[in-house]
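A.B. asks:
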Amino acid sequence: MITRIGLLMRNENMTPEEFDRHWRDIHGPLGAALDGLKSYYHHTVIERGDHPILGPWDLDGLSELDFEDDETMKAAFASDAGQLAKEDLALLLSDMRILVCERHVIVPMAPDAKPGLKRMTLIRRKPGMSDEAFRHEWLDVHAEMMRKWPNVLGYNQNLVIDRFHKSTVESASPEEVPIDGIVEIWFENEEKAAEANESQIVQDTLAHARDFLSEITPFLVTTRKVV
C-alpha cells in the first residue's frame, strides 16, 4: 500500500472556512473519482503546536490518499480525472508539497475506539544521518518506546520514500521538501493526551526524538473521510 500525503497551503484570497468548504464540496468529489483509490481523507488543521525544535511549516490541511502501489497512483493522476483534480488545486491552493509514504502501523486502532483528538507531526532527521540509521532510530527504537505510551488509541509512522513540489512527475530533492516522516497519533481527548505527557516513558521518548531529529512540527487536525 502506498500513501500519498499532500501538505496544503490555501489560496490567500480564501478564508479558512472558504478553503475547507471548497475542499469538501468541490475538490473532494474530484479526488474521489480517481481510479484505483483505496481511501481518501481530509485533515483540516485547527492548530499548529509548539516544540523546542519546531520546523517552519504552517499548513491549512493535509490530504491523504491510499493506493495499492506506486504504478496505480501514478496512473490515477495521469488520467483525465487526475487532470481535473490538479486543475482545481490551482484555485484552492497557493502551494502544495506531496509526500509518498510507506505506512507502519505501530499501535493499531481498536474497532471500538472513539478518538476525539488527532495530531499529525512532520519530522526531519538530523543532517548527515543515513537512511538506514534514520529507519532504525524511528521504526525500531522509537516505535518500541511508543508502544509503551499510556492512553494512545492509535499510532502510525509514515516513512517518506518520495517527494514532489512543482512537478507531479519529477521527484523533488530532500532539500526542496525537507521532511522524512509524518506521525499520526490519536487520543480520546485532550485530558488523556495531557495525562500521558506526565509519564516517564513519554518524557524518555521525547528525549530520544531530539537525539535523531532536527525538526518536529505538530498539527492538531480534524479528519473527514471522503472515500
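Heads up: the sequence shown runs through residues 1 to 227, numbered per the UniProt record's numbering.
Note that the Cβ used here is the ideal one computed from N, Cα and C, for glycine as well.
Note that the structure is a prediction, hence the values are computed from the model and not measured.
1. If you compare alpha carbons, which of Trp23, Glu47 and Gly36 is closest to Leu93?
2. Do Phe212 and Met129 have their C-beta atoms within less than 8 Å of each other?
3. Span of the alpha helix (DSSP H) holding Met73?
4. Could you give the C-beta distance for Leu159 and Glu71, rounded to a whole number, given that I count them as a contact under 8 Å?
5. Assign Val221 to one of three DSSP states: helix, strand, or coil.
6. Once you ignore the five residues that flank Glu184 on each side, which residues in its own chain have a CB closer than 6 Å to its CB?
7. Within 10 Å of its beta-carbon, does Met1 have 16 or more other beta-carbons around it, so buried, or fewer, so exposed?
8. Kindly give me the distance between the Cβ atoms of Glu215 and Ile123, rounded to whole angstroms, as I take these residues to be in contact under 8 Å.
9. How many Å lie between Pro108 and His142 at the Cα?
10. Could you give the distance in angstroms between the alpha-carbon of Ala85 and the alpha-carbon of Ser63?
11. Who are the near neighbours of Arg125 in its chain, counting only those whose CB is closer than 7 Å to its CB and skipping five residues on each side?
12. Tell me whether Asp88 sits in a helix, a strand or coil according to DSSP, three-state version.
13. What does Val45 pair with, by DSSP beta-bridge criteria?
C.D. replies: Straight from the coordinates:
1. Trp23
2. yes
3. Asp70 to Ala78
4. Wrong, their Cβ atoms sit about 19 Å apart, outside the cutoff.
5. strand
6. Met120 and Asn156
7. exposed
8. 7 Å
9. 16 Å
10. 13 Å
11. Phe134, Asp180, Phe212, Leu213 and Ser214
12. helix
13. Val221
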